[in-house]
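See below for the structure under consideration.
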Amino acid sequence: MENTADQSTVVLKNEENVGFVQIADDVVAMIASLAATEVKGVSAMAGNISNELMSKVGVKKLTKGVRVALADNTVNVDLAVTLDYGYNIPATCQQVQTKVKSAIENMTGLTCETVNIRIAGVNMKKENN
53 MENTADQSTV VLKNEENVGF VQIADDVVAM IASLAATEVK GVSAMAGNIS
103 NELMSKVGVK KLTKGVRVAL ADNTVNVDLA VTLDYGYNIP ATCQQVQTKV
153 KSAIENMTGL TCETVNIRIA GVNMKKENN
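The sequence shown lines up with residues 53 to 181 when you count with my numbering.
Right, here's the structure in full:
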């Protein structure tokens with residue numbers, strides 16, 4: 053496997069010379085975002101102010117609150133999440149880190165070195181079940 057000089061994609065080369073697979077960093081960010089929101093206690097991904105303003109006018113980006121750095125077939129992920137009130141923050145964050153790391157490694161074949169989490173808020177709303 054080999055990485056290109058382009059910072060927004062990584063190229064996975066197969067030794068059979070059939071071709072190559074190119075993965076955009078937005079795809080890795082989307083995988084991380086979806087994996088994080090599957091963990092019980094994670095209310096939503098939190099974005100920066102421009103992402104929040106754009107979502108209010110109808111433009112939604114699935115990778116908000118996720119920053120991905122690809123280098124030499126390794127991935128470093130920074131997540132900003134909003135948690136539901138009442139969940140243990142360290143335990144929930146550990147579950148998010150494990151799930152995101154596993155999802156990225158299983159789906160892309162890349163090595164996920166770090167998954168850093170920033171708690172951007174706590175959702176105080178009660179769900180009606």
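Yeah, the Cβ is synthetic: ideal placement off N, Cα and C, and Gly gets one too.
By the 10 Å Cβ neighbour count, where 16 or more other Cβ atoms means buried, how is residue i classified, buried or exposed?
{"i": "V174", "result": "exposed"}
{"i": "A87", "result": "buried"}
{"i": "K92", "result": "exposed"}
{"i": "S60", "result": "exposed"}
{"i": "A143", "result": "exposed"}
Could you tell me which residues DSSP pairs with residue i in its beta bridges?
{"i": "L131", "result": "V118 and I169"}
{"i": "C164", "result": "V127"}
{"i": "T61", "result": "A76"}
{"i": "A96", "result": "T134"}
{"i": "V148", "result": "According to DSSP, V148 bridges with nothing at all."}
Can you tell which of the options has its C-alpha closest to the C-alpha of residue i?
{"i": "T134", "options": "A143, V94 and G161", "result": "V94"}
{"i": "I141", "options": "M97, I169, F72 and V79", "result": "I169"}
{"i": "G117", "options": "D136, A96 and Y137", "result": "A96"}
{"i": "L131", "options": "Y139, E165 and R119", "result": "R119"}
{"i": "A172", "options": "Q146, D78, D136 and V80", "result": "D136"}
{"i": "G138", "options": "E165, D78 and K177", "result": "K177"}
With a CB to CB cut of under 8 Å and the five nearest residues on each side skipped, what residues in its chain are close to residue i?
{"i": "T163", "result": "N125, T126, V127 and E157"}
Sorted by chain position, which residues of the same chain lie with C-beta nearer than 6 Å to residue i's C-beta, five sequence neighbours on each side aside?
{"i": "V167", "result": "V129, Q149, V152 and K153"}
{"i": "V73", "result": "L64"}
Keeping to the same chain, check which residues put their C-beta closer than 7 Å to that of residue i; ignore five residues upstream and five downstream.
{"i": "M159", "result": "I83"}
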